[in-house]
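There are 2 protein chains.
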Amino acid sequence: MSATARKRLDAMAAKLKASGLKLTPQRLAIMRLLAESEDHPGADGIWRRLKRRFPGISPATVYRTVQLVKSLGEACEIAFADGGSRYDGRKPYPHPHIVCLACGRIIDPELGSLGDMTREAAAASGFEIKTFRLDFFGTCPECSKNKTKTMPTRRKK
Amino acid sequence: MSATARKRLDAMAAKLKASGLKLTPQRLAIMRLLAESEDHPGADGIWRRLKRRFPGISPATVYRTVQLVKSLGEACEIAFADGGSRYDGRKPYPHPHIVCLACGRIIDPELGSLGDMTREAAAASGFEIKTFRLDFFGTCPECSKNKTKTMPTRRKK
DNA sequence: CTCTCAATTGAGAATTATTATCAATATTAG
DNA sequence: CTAATATTGATAATAATTCTCAATTGAGAG
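So the sequences go chain by chain: A and B.
What the first sequence shows, in the working numbering, is residues 1 to 157, in sequence order.
What the second sequence shows, in the working numbering, is residues 1 to 157, in sequence order.
Laid out in structure tokens, this is it:
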């Protein structure tokens, strides 16, 4: 586990403690996965990865924990039209994503700030803007290369 | 019906004809609603609005039509984490939205182009970027004013 | 260490938005 | 008008997610 992931996991754990909630082994494992994963896993993906260490873990536990961590501001959720939300515990604040339409992978590019546009949007609308979601959709380098081959199933990672 | 909405409706109808598909009264009514609505209705909202003129219309028909129009590129879909996609038939291309976290309304602000950031994202990632989604979230002027009152239910408009 | 209490779990049921199935119906080209 | 095939509505099915509840557990106090 990287120092970054350790920091994220500690932050999540601290938030739970501060809220008087318990740190169960299941929760710790889920939060760790959220903190470590660069690939923005969905609930199903998290569950599948944890089954080996927690053979009896219930999907409900994964959903609950993920929602809890999100509600505490320590993870963010990215929802898609075909169902299946994806989660990010590494960067639990608004940031842009690039999503491959073929394989479903999601990456976090380093891009300039959306601050100007946010202010512009607030001025144009009179809204008090709190957050944003910015996703770019396209084909990743790997899928572009494999264009003539069968595309793997997307989503639900 | 405004000239803009008429133009949108005609474009949708033409797309269906061009695809060898039939223009049923239900489809026309749904597409008209999509073309006219500035408020980005969801499937349920469309269905509720059409019940008076088509008492027997099935929700399945709404879902099917909306999906069809979307797949023909004449409407776009905005999905949210708590379920319930919203649709836009007026501007069936990527454009920014501002979403009120309190009442759920969605507006289309006039903002500057995202072209620079798109190019930046493509360069940073090697992706071939086709489209984007940009939503800002906050509190609309009306809900800000009514801050001390009970917030109406969101979504599903 | 033990006890207590309230949070948490897992199993199974429930929910909800959406999609699939199919017989009856309707659109539209010729 | 006829025929062909797309489309509808009614109903069932699906899938992601949330709810319910008895059993279990984490963690603080003593």
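Cβ atoms here follow ideal geometry from the backbone N, Cα and C, with glycine treated the same way.
Since the model is a prediction, treat every value here as computed from it, not as a measurement.
For residue i, go through chain A and note every residue whose CB falls closer than 9 Å to its CB, in chain order.
i, result
"B/Met-117", "Pro-96, Leu-111, Gly-112, Leu-114, Met-117, Leu-134 and Phe-136"
Residue i CB to nearest chain B CB: under 8 Å?
i, result
"A/Thr-163", "Any property of residue 163 of chain A remains undetermined from this structure, which presents chain A solely from 1 to 157."
"A/Pro-92", "no"
"A/Lys-130", "yes"
Spell out whether any CB of chain A is found under 8 Å from the CB atom of residue i.
i, result
"B/Ser-125", "yes"
"B/Ile-107", "yes"
"B/Thr-139", "yes"
"B/Leu-16", "no"
Per DSSP, which one or two residues make a beta bridge with residue i?
i, result
"B/Tyr-87", "B/Glu-77"
"A/Gly-42", "A/Arg-86"
"B/Cys-143", "DSSP, once it has assigned bridges, lists no residue as partnering B/Cys-143."
"A/Ile-107", "A/Ile-98"
"B/Gly-138", "A/Ile-129 and B/Cys-100"
So which residues of chain B does residue i contact, with C-beta pairs closer than 7 Å?
i, result
"A/Ser-144", "Glu-128"
"A/Glu-120", "Leu-111 and Gly-112"
What in chain B is Cβ-close to residue i, meaning under 9 Å?
i, result
"A/Leu-101", "Lys-130 and Thr-131"
Legend entry - Residues in the segment 69-90 of chain B having any Cβ partner in chain A nearer than 7 Å: Glu-77, Ala-79, Phe-80, Ala-81 and Ser-85
Legend entry - Touch test, the segment 47-67 of chain B against the segment 19-35 of chain B, Cβ-Cβ under 8 Å, three pairs minimum: yes
Legend entry - Residues, ordered as in the chain, of the segment 25-36 of chain A that lie near chain B by beta-carbon distance below 8 Å: none
Inset, instruction - Tell me, please, whether the segment 90-108 of chain B touches the segment 70-87 of chain A by the rule of three or more beta-carbon pairs shorter than 8 Å. - result: no
Inset, instruction - Would you be able to state if there are at least three C-beta pairs under 8 Å between the segment 129-141 of chain A and the segment 5-17 of chain B? - result: no
Inset, instruction - Could you tell me whether the segment 35-44 of chain B touches the segment 87-96 of chain B, where touching means 3 or more Cβ pairs closer than 8 Å? - result: yes
Inset, instruction - Check whether the segment 133-147 of chain A touches the segment 113-129 of chain B, taking contact to mean three or more Cβ pairs, one atom from each stretch, closer than 8 Å. - result: yes
Inset, instruction - Check whether the segment 104-117 of chain A touches the segment 57-71 of chain A, taking contact to mean three or more Cβ pairs, one atom from each stretch, closer than 8 Å. - result: no
Legend entry - Inter-stretch contact at 8 Å, needing at least 3 Cβ pairs: the segment 111-122 of chain B / the segment 109-116 of chain A: yes
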